[in-house]
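The structure under discussion appears below in the form of structure tokens.
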Amino acid sequence: MRIDKHPILNFPKKEPIPFIFEGQEVYGVEGDTIASALHALGITTLSYSIKKGRPRGFYCAIGNCASCNMMVNGIPNVRTCITPLVAGMIVERQTDKGVIR
Amino acid sequence: MKHHELIIIGGGPSGLCAAKMAAEAGVKVLIVDRSPQLGGQLTKQTHKFFGSKAQYAKTRGFDIAKILIDQVIHHPNVTILQEATVVGLYPDKVVTVYQHDTYTRYQADKVIVATGASEKFLAFENNDLPGIYGAGAVQTLMNLYGVLPGQDIIMVGSGNIGLIVSYQLLQAGVHVKGIVEAAPTIGGYKVHASKIRRLGVPIFTSTTVQRAVGSTHLEAVELVKLDAKWQPLPGTEQIIPIDALCISVGLSPMHQLLSMVNAKTKYINELGGFVPIIDDHHQTTQEGIFACGDAVGIEEASSAMMEGYLTGLYVAEHLGKSHPESHALKEKYEHELDMLRNGPFGIKTKIGLEKLRKDDIHA
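Chains as they are written, first to last, in this note's numbering: chain P, 3 to 103; chain C, 97 to 459.
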């Protein structure tokens, strides 16, 4: 959910940015990070833990905790909380440590 | 390998202030910051600051960030790398930077580590469920990106951050069901706590989170009362349905890069955890590597700025360059820092710094 009214801050309508999440076309807005765009869509599970497959969301939002790591354009362990959203990005949930090819 | 006289790691309040002073003294500065925006945690702080004019009192955090950024961004001596993470720091002052899928090595004459702090976590059952966030993360999500973290939330921790973020959640239209505090008393300023209570948010003292409930996302949280020995009181459990839990139980200084170069650190509870041992010029035990801001002890952003200005001045001197107003500025910022630490929450820092200085050779 996006905030539309706020006593201090202004959140003007921004240009939509299309991207692919788990094979589906979805939209964020200009200025989003990958994680903020997913949260606005109600998607809070960003990955699954390696051993037990437990759902993981983000925790710190400043690129520190690794809880938001996802696969972006085939690159694993991208810190989605500090990575700006770019049109056409392919974003996938990670279930393993990730392999760099 | 690219060369810079001074590399500042971290473009938050402390790093930006250090950059301003060093650049004005004629030092070529490179600021490396991993976020999409400069200003560190100030960019999401919508509240007005306390303190004096030198610390931009009565100005909102994000406006302070703009002031600090404007001070350096057009300075000819300052180069800025954004969305760039320092992944290696070496004793010979080589800094490796990861930016846009590329690694680059830089050689610096001096380095300032102004990496700030990270959010502490809390141990309880299911604490890894999506919907459980650090207070800073919640602030980022709603104040920077305009996205709500949930509809019904509980805040854990009644320090100033917990109280302020609770208020900001209310401003954003989130239902704050309560603030949980393990200690018997509220941690933050009374003025903040009263403001929150007047808006109908209960503060549960001597209470903690026993476990989180949910399968794919947080659905509820179980709270329990604590006795005088901080042990859970059986029979006092209550389950509260929420879709977000915000954890604000303190911050830890980010000393990791300093540990990488074997700068000596010491565990000081009052300063938030492991902190580097520094001399009067904020130089660590590793020659030429300095540190300032929350990375050397958790305080307010106001203190981080004053420390940054001072460290920038000190480092310029170590490089044989002196700010034209060095003497007057040092006096001013040292005085400001003293004033801040004489405030109601400064005592903790003072005790911590005392411990850091005492027998520091054995640490």
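No residue lacks a Cβ here, since even glycine has one placed at the ideal position from N, Cα and C.
Kindly indicate if chain C contains any beta-carbon less than 9 Å away from that of residue i.
i                      : result
residue 3 of chain P   : yes
residue 85 of chain P  : yes
residue 34 of chain P  : yes
residue 58 of chain P  : yes
residue 46 of chain P  : yes
residue 79 of chain P  : no
residue 22 of chain P  : no
residue 29 of chain P  : no
residue 55 of chain P  : no
residue 18 of chain P  : no
residue 100 of chain P : no
residue 68 of chain P  : no
residue 63 of chain P  : yes
Quick check on the burial criterion: 16 or more other C-beta atoms within 10 angstroms. Buried or exposed for residue i?
i                      : result
residue 80 of chain C  : Nothing about residue 80 of chain C can be read from this structure; chain C reaches only from 97 to 459.
residue 210 of chain C : buried
residue 287 of chain C : exposed
residue 199 of chain C : exposed
residue 339 of chain C : buried
residue 271 of chain C : exposed
residue 9 of chain P   : exposed
residue 416 of chain C : exposed
residue 98 of chain P  : exposed
residue 196 of chain C : exposed
residue 260 of chain C : buried
residue 290 of chain C : exposed
residue 27 of chain P  : exposed
residue 294 of chain C : exposed
residue 363 of chain C : exposed
residue 215 of chain C : buried
residue 244 of chain C : buried
Shorter than 9 Å from the beta carbon of residue i to some beta carbon of chain P?
i                      : result
residue 361 of chain C : no
residue 350 of chain C : yes
residue 229 of chain C : yes
residue 458 of chain C : For residue 458 of chain C, the predicted structure reports a pLDDT of 46, less than 50, and the residue's modelled location is therefore unreliable. A value from the coordinates is still provided. Chain P contact via Cβ: absent.
residue 300 of chain C : no
residue 294 of chain C : no
residue 102 of chain C : no
residue 137 of chain C : yes
residue 312 of chain C : yes
residue 200 of chain C : no
residue 460 of chain C : Because chain C spans 97 through 459 in this model, residue 460 of chain C falls outside it and cannot be assessed.
residue 268 of chain C : yes
residue 218 of chain C : no
residue 315 of chain C : no
residue 131 of chain C : yes
Looking at the secondary structure, which residues open and close the alpha helix (DSSP H) in which residue i lies?
i                      : result
residue 158 of chain C : 157-169
residue 263 of chain C : 256-267
residue 109 of chain C : 109-120
residue 402 of chain C : 397-414
residue 205 of chain C : Residue 205 of chain C -> not in any alpha helix (DSSP H); beta strand (DSSP E) instead, spanning 198-209.
residue 434 of chain C : 422-437
residue 344 of chain C : Here residue 344 of chain C belongs to no alpha helix (DSSP H), and DSSP marks it neither H nor E.
residue 302 of chain C : Counting along the chain, residue 302 of chain C falls outside any alpha helix (DSSP H), and DSSP gives it neither H nor E.
residue 356 of chain C : 352-356
residue 442 of chain C : 442-453
residue 235 of chain C : 231-235
residue 291 of chain C : 286-294
Within the continuous beta strand (DSSP E) that includes residue i, where are the two ends?
i                      : result
residue 97 of chain C  : Here residue 97 of chain C belongs to no beta strand (DSSP E), and DSSP marks it neither H nor E.
residue 191 of chain C : 190-195
residue 93 of chain P  : 92-94
residue 73 of chain C  : In the structure as shown, chain C begins at 97 and stops at 459. Residue 73 of chain C is therefore absent and cannot be evaluated.
residue 106 of chain C : Segment: none, residue 106 of chain C is in no beta strand (DSSP E) and carries neither H nor E.
Three-pair Cβ contact test at 8 Å for the segment 139-159 of chain C versus the segment 201-216 of chain C:
Judged by pairs of C-beta atoms under 8 Å, the segment 139-159 of chain C does not touch the segment 201-216 of chain C, as fewer than three such pairs exist.
Between the segment 249-258 of chain C and the segment 273-292 of chain C, do three or more beta carbon pairs fall short of 8 Å?
yes
Counting beta carbon pairs with one atom in the segment 219-229 of chain C and one in the segment 124-135 of chain C, are three or more of them shorter than 8 Å?
Verdict: no, contact absent.
With a cut-off of 8 Å, do at least 3 Cβ pairs link the segment 382-400 of chain C to the segment 427-443 of chain C?
yes
Contact list for the segment 232-259 of chain C against chain A, Cβ threshold 7 Å:
No chain A appears in the structure shown, which is made up of the protein chains P and C.
Stretch pair the segment 167-175 of chain C + the segment 105-121 of chain C: three plus CB contacts closer than 8 Å
yes
Three or more beta-carbon pairs under 8 Å between the segment 377-395 of chain C and the segment 345-354 of chain C, yes or no?
yes
Residue ranges of each beta strand (DSSP E) within the segment 20-88 of chain P, 3 or longer
Entirely contained in the segment 20-88 of chain P, the beta strand (DSSP E) runs reaching 3 residues are, in chain order, 26-31, 71-74 and 77-81.
Enumerate, from N- to C-terminal direction, the unbroken beta strand (DSSP E) stretches of 3 or more residues contained entirely within the segment 358-392 of chain C.
361-364, 369-372 and 385-387
Cβ pair count under 8 Å reaching 3, the segment 24-44 of chain P against the segment 68-88 of chain P:
yes
Touching by the beta-carbon criterion (3+ pairs, under 8 Å), the segment 57-70 of chain P and the segment 233-241 of chain C:
Judged by Cβ distances under 8 Å, the segment 57-70 of chain P makes contact with the segment 233-241 of chain C, as three or more pairs qualify.
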